[in-house]
Amino acid sequence: MSALDRRNFLKIGGLSLGAAVTGPRFAWPDERAMARAESATDSFVLLRKEQQRRRHELPPAADFHRLPLSWYKAKAKAIKAEARSRGVDGGVLLTRTLNIIYVTGLFHTNTERPFACFLPMDDDEALIWFNPYLDQQLVNEWWSTGSYAYFDYHHAEGAFPNEAKVVQGATVNPYRWWGETLARFGYDGKTIGVDSAGGPEVGIMPGQDASRRLDLFASVETPAKMRPAAGGLGQLAQGLPRSQFVDINDILIRHRVIKDEMENRLAQRAMDYFSELHAFVRNYILERGFGTLDWEIENAARLWGMHRIMQDIPQEGELHNAVGIEVNVACRTGRKTAYPHPNQVSWSRIEPGHALQFAGVVRVGGYGGEQYRSFLFAPWTDWQKKVWDVHTACYFIQAEQSRVGNSCSNVAKAVHDYQVANGVAHLVYHRPGHGEGMEGHQPPYQALGDYTVLKAGMHFSNEPGLYDPEHGFGFNHSNNILVSRDKGLQMGTAPCDEEWCLLRL
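Residues 324 to 828 (my numbering) are what the sequence shown spells out, left to right.
Set out below in C-alpha cells:
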C-alpha cells in the first residue's frame with residue numbers, strides 16, 4: 324500500500340447488509356454493513372481468544388443498556404434510610420448532578436442553571452423536581468410526582484415567555500425559591516438532608532481533614548444539624564426559616580464507589596465494546612502503517628465505536644433511551660507519549676521507533692471505564708523495551724493486588740516497589756490508579772497515602788505509567804479493575820502482551 328493510500332482518511336467500504344467487517348479499511352462504512360458484523364482479521368481473532376480465556380471470571384455482560392427505574396427507586400429508598408439515622412425527617416434535597424443521576428436515573432446536562440430534586444421521607448414513590456424550564460420534558464417523562472420550573476437563569480419574578488408573560492420582574496434566587504416552595508408543602512420545621520459537602524467527592528469524609536491514615540470507610544464524625552448562613556444553602560435556609568439541615572454527601576459517595584451486580588454487568592457490556600474497539604484500532608494501525616496521523620486513528624475509532632454500540636440499541640430520538648453513552652478516546656504517538664498529561668493537540672504521524680498510546684473511556688448507561696494500550700513500533704531500543712516490560716508487569720501486579728481486604732496504599736506500594744527495584748524510579752510521575760465512576764476519577768485512590776481497605780464491587784483505573792521525556796517516549800496501559808475476593812479483575816479484554824503491542828509495520 325502506498326503512503327498516499329495509507330493516508331486516505333477512513334475509506335468507505337461498499338458492503339451489503341450483514342457482510343463481515345474485515346478490518347480497518349471499512350472504518351467508515353454504511354452503518355447497516357456494521358450491524359453485528361464480526362471481523363476475521365488477526366486482531367479480532369486474538370481478542371476472541373483472550374475473551375474465551377477470561378470470560379469465566381468476569382461478570383456476564385448486561386443485556387440492558389441502562390439501569391431500570393426500579394433500581395433507582397430502591398437506591399433512593401436506601402439513601403433515605405441512612406439519612407433517617409441522622410435525624411432527617413423531611414426529605415433529601417439533591418443538587419449535585421452526579422448524585423441526581425445516580426439516585427434518580429435522570430441523565431441531564433449540567434450547566435450554570437441550578438437543578439435539584441427532593442425525595443420526601445414519607446413517600447418512597449414521590450420525587451419532586453426543581454428545574455429550569457428547558458428540562459421540563461426530561462423530568463415530566465421520567466420519575467416525577469411534581470415538577471416546579473423557573474424559566475431560565477437568571478429568572479425574573481413572574482416572567483414566563485413560554486406563557487406569553489414577558490416581565491422584567493425582580494431577580495429570583497432559585498435556592499430561596501426551592502426553600503419557599505418546600506415550606507408551602509409543609510416541610511418548614513423539618514430536618515432536610517443535603518449533599519453540600521465537597522470533601523467526600525475527593526475521599527475526605529466528615530472529620531477526616533487532619534487524618535493521618537485516610538480511610539473512606541473509617542468511622543466519621545456524623546455531620547451535625549445546622550442552619551447554613553451563606554451561599555446557596557443559606558438562601559435555601561431563608562426559605563425554610565424553622566428547618567435544620569444535615570449533610571449526607573458522604574453517604575452518597577460510599578454508595579457510588581461500590582457497584583452492585585447490575586452496575587457491574589452494565590460496566591462489563593461497555594468494556595466489551597471497548598475491547599472490540601481496541602481490536603479495530605490495532606487493525607487500523609497495521610493496515611495504514613507509518614505516516615498515519617494519531618488524530619486520524621482517534622477519530623476513526625470514535626466513529627467506529629459509536630457505530631458498534633448503536634447497532635445494539637434501538638433509538639429514534641426519544642427521551643431516556645440510549646443515555647450515558649460515551650466513546651471518549653484519544654490517540655498520541657511519538658514525543659507526546661512522554662508526558663502524563665500533555666497539553667498539545669494530537670497531530671503526529673507514526674514513525675519507526677515511536678511509542679503510541681490509544682486511550683480513553685467507554686460508557687453505556689453511565690457505566691464503563693478506562694482501557695488503554697501502549698504500542699511500540701520497530702525498530703525499538705533495548706531501553707524502550709525494558710521500560711515497556713516493567714510497565715506491563717506493573718499493570719498486572721496492580722490488578723493482582725486489588726483484592727478484597729487489601730488497602731489502596733498496599734496496592735500502590737507493590738507497584739512502586741517493583742518500579743524502583745527495576746531501575747525506573749525516575750520515570751514514575753503518578754500513583755497507579757484512582758477509583759472509577761461516572762465522573763471518571765472518584766475516591767478512593769490507589770496511592771501511598773490512602774489507607775482505604777478495598778471492598779468487593781469497587782472499580783479502579785489500572786495505569787502505573789512510566790514516562791521518559793529525555794528520550795521522547797512513555798507507556799501507560801490501563802483497564803477497569805473490579806475488586807473481587809482473590810484479585811482484581813481487568814474488565815477490558817484487549818490483550819496486553821508483546822504480540823498485541825510490539826508491532827513491526
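The C-beta atom is built at its ideal place from N, Cα and C for all residues, glycine as well.
The structure displayed is predicted, hence computed values, not measured ones.
Reference residue i; option with closest CA among the options
i	options	result
Phe719	Gly758, Leu539, Asp820	Asp820
Lys372	Trp466, Ser598, Ala482	Ser598
Gly516	Glu544, Ser566, Arg377	Ser566
Thr427	Glu448, Tyr741, Ser534, Ala701	Glu448
Asn572	Asp791, Pro663, Arg409, Leu381	Arg409
Lys488	Glu480, Val495, Ala722	Glu480
Val495	Met585, Arg436, Gln374, Asp740	Arg436
Leu600	Ala533, Leu609, Ile632, Trp465	Ile632
His800	His794, His714, Ala623, Glu723	His714
Tyr476	Tyr395, Pro382, Pro497, Pro665	Pro497
Thr704	Val543, Lys400, Asn463, Leu825	Leu825
Leu429	Met444, Arg389, Val411, Ala404	Arg389
Glu822	Ser697, Ala722, Gln375, Thr420	Ser697
Tyr741	Pro787, Pro383, His764, Pro702	Pro787
Same chain, Cβ closer than 8 Å to residue i, neighbours up to 5 away in sequence not counted
i	result
Asn803	Ala590, Met594, Gly691, Gly692, Glu693, Gln694, Glu759, His782, Phe783, Ser784, Asn785, Gln813, Met814, Gly815
Pro551	Ser519, Gly557, Leu559, Ala560, Phe568
Asn331	In this prediction, Asn331 scores a pLDDT of 37, lower than 50, which makes its location untrustworthy; the coordinate-derived value is nonetheless stated afterwards. None.
Lys398	Tyr425, Val426, His578
Arg754	Ala735, Tyr768, Gln769, Ala770, Leu771
Arg726	Leu777, Val806, Ser807, Arg808, Asp809, Lys810, Gly811
Lys400	Asp447
Residue i, DSSP secondary structure in three states
i	result
Ser732	helix
Asp740	helix
Leu812	strand
Tyr476	coil
Ala678	strand
His847	No statement about residue 847 is possible, as the shown extent of the chain runs from 324 to 828 and does not include it.
Leu825	strand
Pro382	coil
Asn802	coil
Leu450	coil
Glu649	strand
Phe441	strand
His757	strand
Leu750	helix
Phe719	helix
Pro818	coil
Arg843	No answer is possible for residue 843: it lies beyond the span of the chain, which begins at 324 and ends at 828.
Met549	strand
Within 8 Å, strictly: CB atoms of residue i and residue j
i	j	result
Thr514	Gly413	yes
Ala686	Gly647	Strictly speaking, residue 686 in this sequence is Arg, with Ala absent from that position. Going by C-beta atoms, Arg686 is nearer than 8 Å to Gly647.
Val738	Cys717	yes
Tyr425	Arg579	yes
Asp570	Pro546	yes
Leu539	Arg507	no
Tyr574	Ala406	Before going on, a small fix: residue 574 reads as Ile here, not Tyr. In contact: Ile574 and Ala406 (Cβ atoms closer than 8 Å).
Gly562	Trp501	yes
Glu762	Leu537	no
Same chain, Cβ closer than 6 Å to residue i, five either side skipped, listed in chain order
i	result
Phe367	Ala602
Phe474	Tyr456, Ala482, Phe483
Arg441	Here residue 441 is Phe; the residue named in the question, Arg, does not match the sequence. So the list reads Gly414, Leu416, Ile451, once near-sequence residues are dropped.
Asp617	Cys654, Arg655, Thr656, Ser669, Ser671
Trp711	Leu699, Phe798
Leu750	Leu789, Tyr790, Asp791
Gly780	Ile581, Lys582
Pro818	Leu369, Glu373
Exposure of residue i, with buried meaning 16 or more beta-carbon neighbours within 10 Å
i	result
Leu556	buried
Leu417	buried
Thr432	exposed
Leu642	exposed
Thr289	For residue 289 there is no data in the structure shown, the boundaries of the chain being 324 and 828.
Ser339	With a pLDDT of 28 at Ser339, under the threshold of 50, the modelled position of this residue cannot be trusted; read the value that follows with caution. Exposed is the call here.
Val806	buried
Ser393	exposed
Phe387	exposed
His379	exposed
Gly688	buried
Pro564	exposed
Gly756	buried
Gly628	buried
His630	buried
Gly732	Here residue 732 turns out to be Ser, not Gly, going by the sequence shown. Buried.
Residues of its chain near residue i, where Cβ-Cβ distance is below 7 Å and the 5 sequence neighbours each way are ignored
i	result
Phe796	Thr660, Ala661, Ala678, Gln707
Phe613	Ile673, Glu674, Pro675, Leu828
Val525	Pro766
Arg377	Thr816
Gly530	Val543, Glu544
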